[in-house]
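Read the structure below first, then the notes.
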Amino acid sequence: MEKTYACAITGHRPTRFKFKYNEGYSLCKKIKKAMLKTFCHLHDEEGIFRFYVGGALGVDMWAAEQLLYLKEQPGYQDIELIVALPFEGHDSKWDAMSKQRLQIIIHNATKCIVIGQSGTTSDYKKRNYYMVDHADFLLAVYDNNRKLRSGTGQTVNYALKQNLRIIFLHPDTAEIS
105 MEKTYACAIT GHRPTRFKFK YNEGYSLCKK IKKAMLKTFC HLHDEEGIFR
155 FYVGGALGVD MWAAEQLLYL KEQPGYQDIE LIVALPFEGH DSKWDAMSKQ
205 RLQIIIHNAT KCIVIGQSGT TSDYKKRNYY MVDHADFLLA VYDNNRKLRS
255 GTGQTVNYAL KQNLRIIFLH PDTAEIS
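Anchor point for the sequence shown: position 110 equals 214 in my numbering, and the numbering is continuous, going up by one each time.
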């Protein structure tokens, strides 16, 4: 059987960014554009067409929307979007618009899987590790120098231990390294 190459995506919630929830902010637009460019590169140069997102606010949602947009473009119809949710109802405290955005993403995704049942923070870790375990690459919208304790940092460290190739997209500059 032919190996499917995959990329997991991790990144911060909107509260970590200078612009918070203001997606009209130029830096947010730059981050989304950089993600799209990275997805095109991974697809065209690395043969990656399966992408895992975690169904969280911020980077996960932006990445999913960029991938669904890309999937509509000629030559990218083979893209598969897998949404890995930590547990049912993880979005229960979200505002109505964010919940609706997630439902649209799930509806248009190739597959949606629910990783945990406990509804505790350990389900988020299990979800992140699941995505890394199923991927060859990790796109991390993450500042490796800030040493913040976060699920994103934990995911990056786990991916390093698993020898994944990691692409860093800096959250304050949108630069790719």
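Built from N, CA and C at the ideal position, the CB exists for glycine as well.
Can you check whether the CB of residue j is closer than 7 Å to the CB of residue i?
{"i": "Ala138", "j": "Ala278", "result": "yes"}
{"i": "Ala213", "j": "Val236", "result": "no"}
{"i": "Ile208", "j": "Ala244", "result": "no"}
{"i": "His274", "j": "Asp247", "result": "yes"}
{"i": "Arg117", "j": "Leu161", "result": "yes"}
{"i": "Tyr109", "j": "Asp276", "result": "no"}
{"i": "Leu185", "j": "Phe155", "result": "yes"}
{"i": "Leu206", "j": "Leu242", "result": "no"}
{"i": "Lys136", "j": "Trp166", "result": "yes"}
Sort out for me which residues DSSP pairs residue i with in a bridge.
{"i": "Lys229", "result": "Lys229 pairs with nothing; no bridge assigned."}
{"i": "Glu127", "result": "BP columns for Glu127 are empty, so no partner."}
{"i": "Val218", "result": "Leu189"}
{"i": "Glu184", "result": "Arg154"}
Express the C-alpha separation of residue j and residue i in angstroms, rounding to a whole number.
{"i": "Thr256", "j": "His145", "result": "22 Å"}
{"i": "Pro178", "j": "Lys141", "result": "15 Å"}
{"i": "Asp182", "j": "Lys175", "result": "7 Å"}
{"i": "Val218", "j": "Glu150", "result": "28 Å"}
{"i": "Ser254", "j": "Gln266", "result": "18 Å"}
{"i": "Asp195", "j": "Asn232", "result": "16 Å"}
{"i": "Ala168", "j": "Cys132", "result": "15 Å"}
{"i": "Gly128", "j": "Asp199", "result": "18 Å"}
{"i": "Phe123", "j": "Phe272", "result": "19 Å"}
{"i": "Gln221", "j": "Lys230", "result": "11 Å"}
{"i": "Gln170", "j": "Gly115", "result": "14 Å"}
{"i": "Met105", "j": "Tyr125", "result": "Residue confidence is low: Met105 scores 48 on pLDDT, short of 50, so the model does not pin down where it sits. Its coordinate-derived value is still stated next. Their Cα atoms are separated by approximately 43 Å."}
{"i": "Gln204", "j": "Leu172", "result": "15 Å"}
{"i": "His147", "j": "Asp164", "result": "18 Å"}
Within the continuous beta strand (DSSP E) that includes residue i, where are the two ends?
{"i": "Arg269", "result": "269-273"}
{"i": "Ile280", "result": "Segment: none, Ile280 is in no beta strand (DSSP E) and carries neither H nor E."}
{"i": "Leu264", "result": "Here Leu264 belongs to no beta strand (DSSP E); instead the alpha helix (DSSP H) covers 255-265."}
{"i": "Phe241", "result": "241-245"}
{"i": "Gly115", "result": "109-115"}
{"i": "Arg154", "result": "152-157"}
Looking at the unbroken alpha helix (DSSP H) that takes in residue i, where does it start and where does it end?
{"i": "Arg205", "result": "200-212"}
{"i": "Ala167", "result": "163-175"}
query = Is it a yes or a no for the region 181-190 touching the region 217-230, going by three-plus beta-carbon pairs under 8 Å?
reply = yes
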